[in-house]
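*Asks:* In the numbering used here, the protein residues as written are 4 to 302. So that we are looking at the same thing, I have put the structure below in C-alpha cells.
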Ligand code: CP
Ligand code: NVA
C-alpha cells in the first residue's frame, strides 16, 4: 500500500482533516496511558532548522503512544555532507515507520515523500507549516465550534504560515482576510487556488474588521535573520495591537504559532491579554500530531 504523506493540508480531504481534529480532541480528553498504538514504531525527525514545539510535541507524542522518536540533524548525518535526498529517503524509510522533516526548500519534503516507503510529514518548510494549522484549527473548534463560514484575519508576512492558512480556508470553509505589505504577499498560485476564500485588504484594521480570529507571525522567519532590520521598517504598520483587535468581533480569538517577538508583530497587551489563546494553541500541537501520526501510521 502506498503511504499517505502530509506535506500540506491539501494532502488530506476536508473530511479526513475534520475527522483528525475530532480524534485530536478525543485523545486530549482521554489521555489513556494504556493506549499504545505505536509500540515498537519509530519516528525519524530531521531538523535543518531550530524548533521547540515541533520537536517536543512529536517526541512526546510518540513516547505517549508507546513508540519512540529519533532526532537527526544534518550536522550529524550524511545529509549535511550532500548525500542525495533520494538515497537518504530510501535508506531512512527502510528502517523507521514515519519521517518528519523540517527544512528550507519545500521540494526537499516532496522529494523525500516521493522516495520514502513510509509517511513523510512536513514539520515546516519555507512554503508551508501544515502541522501548526492542525493545532490552530483544533483550538478554534474547542473554543468556538466549527470554523466554517467564519472570518479569519491574517496580518503580516505572506509566509509559510500564511500559505497554510490559505490552504486551511479552502479545506475548512472560512474566509481569510489578508493584510500584507505589497512586497510580502503570499505566492500568487497558492492564493489563486483558494478562489473566493481569500480577500486582500490595504490595512490591518480593514482586514480585522468583523473577524472571528486574528492571526500573525514573526516578520522575519527562520533563514531571514539578515533581513530583520529591513522587515521591521516594511512591517511597521502591520502590528496587531488593541486598535486592530477592536475592529474584530468582541469575542474574537488571537493566535500566533510562536515564537513571538512582543512589541514587533504584536503588542504585549494583545498576546498576553484575554483574547489570546497561544498556549492552548501550542499544547494542541501535541494532540493534533498524535492524531496525525495515528492516521498516517496505523492505517
Ligand atoms: N510553532 C512552531 O513550529 O514552533 P517551533 O519552531 O518551536 O517548533
Ligand atoms: N514563519 C516562522 C514560523 C516559525 C514556527 C518561521 O518559518 O520561522
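Glycine included, every Cβ here is placed at the ideal spot set by N, Cα and C.
Grab me the residues of residue 74's own chain with a C-beta within less than 6 Å of its C-beta, minus the 5 sequence neighbours each way, in chain order.
*Replies:* In the chain shown, the residue the question calls residue 74 occupies position 71. Only 48 meet the Cβ criterion.
*Asks:* Heavy atom of ligand 2 less than 7 Å from the Cβ of residue 224, yes or no?
*Replies:* The count along the chain shown starts at 1 and reaches residue 224 at position 221. Answer for residue 224: yes, Cβ within range of ligand 2.
*Asks:* Might you give, ordered along the chain, the residues of its own chain that have their beta carbon closer than 6 Å to the beta carbon of residue 234, omitting 5 neighbours on each side?
*Replies:* Within the chain shown, the letter at position 231 stands for residue 234. If we look at residue 234 and ignore the five residues flanking it on each side, its Cβ neighbours are 222, 223.
*Asks:* Report yes if the C-beta of residue 244 is less than 7 Å from at least one heavy atom of ligand 2; otherwise report no.
*Replies:* Walking along the chain shown from the start, residue 244 turns up at place 241. No, the Cβ of residue 244 stays beyond 7 Å of every heavy atom of ligand 2.
*Asks:* Does the distance from the C-beta atom of residue 155 to that of residue 216 stay below 8 Å?
*Replies:* In the chain shown, residue 155 corresponds to position 152, counting from 1. In the chain shown, residue 216 corresponds to position 213, counting from 1. Yes, Cβ-Cβ distance for residue 155 and residue 216 is below 8 Å.
*Asks:* Answer yes or no: the CB of residue 125 versus the heavy atoms of ligand 2, is any distance below 7 Å?
*Replies:* By 1-based counting over the chain shown, the position of residue 125 is 122. No, the Cβ of residue 125 stays beyond 7 Å of every heavy atom of ligand 2.
*Asks:* To the nearest angstrom, report how far apart residue 288 and residue 139 are at their CA atoms.
*Replies:* Counting from 1 along the chain shown, the entry for residue 288 is found at position 285. Counting from 1 along the chain shown, the entry for residue 139 is found at position 136. Roughly 8 Å separates the two Cα atoms.
*Asks:* Among 107, 118, 67, 109, which residue has its Cα nearest to the Cα of residue 91?
*Replies:* On the chain shown, position 88 is the one that residue 91 refers to. Checking every option, the nearest Cα to that of residue 91 belongs to 118.
*Asks:* For ligand 1, is there any heavy atom lying closer than 7 Å to the beta carbon of residue 260?
*Replies:* For the purposes of this step, residue 260 is taken as the residue at position 257 of the chain shown. Yes, the beta carbon of residue 260 sits closer than 7 Å to at least one heavy atom of ligand 1.
*Asks:* Assuming the contact rule is C-beta atoms closer than 8 Å, residue 283 and residue 142 should be a hit. Round their C-beta distance to whole Å, please.
*Replies:* The residue you call residue 283 lines up with position 280 of the chain shown. The residue you call residue 142 lines up with position 139 of the chain shown. At roughly 5 Å, the Cβ-Cβ gap stays under 8 Å, so residue 283 and residue 142 are in contact.
*Asks:* Once DSSP output is grouped into helix, strand and coil, what is the label at residue 107?
*Replies:* Taking the chain shown and counting its residues from 1, the one referred to as residue 107 is at position 104. Of the three classes helix, strand and coil, the one that applies to residue 107 here is coil, per DSSP.
*Asks:* Is residue 101 helix, strand or coil when you go by DSSP?
*Replies:* One-based indexing of the chain shown puts residue 101 at position 98. Three-state result, residue 101: strand.
*Asks:* Just mark residue 85 as buried or exposed, buried being the case when its beta carbon has 16 or more other beta carbons within 10 Å.
*Replies:* Residue numbering aside, residue 85 sits at position 82 when the chain shown is read from its first letter. Exposed, by the Cβ-count rule.
*Asks:* Restricting to Cα atoms, I'd like to know which of 183, 60, 131, 269 is closest to residue 210.
*Replies:* By 1-based counting over the chain shown, the position of residue 210 is 207. Cα-wise, what sits closest to residue 210 is 183.
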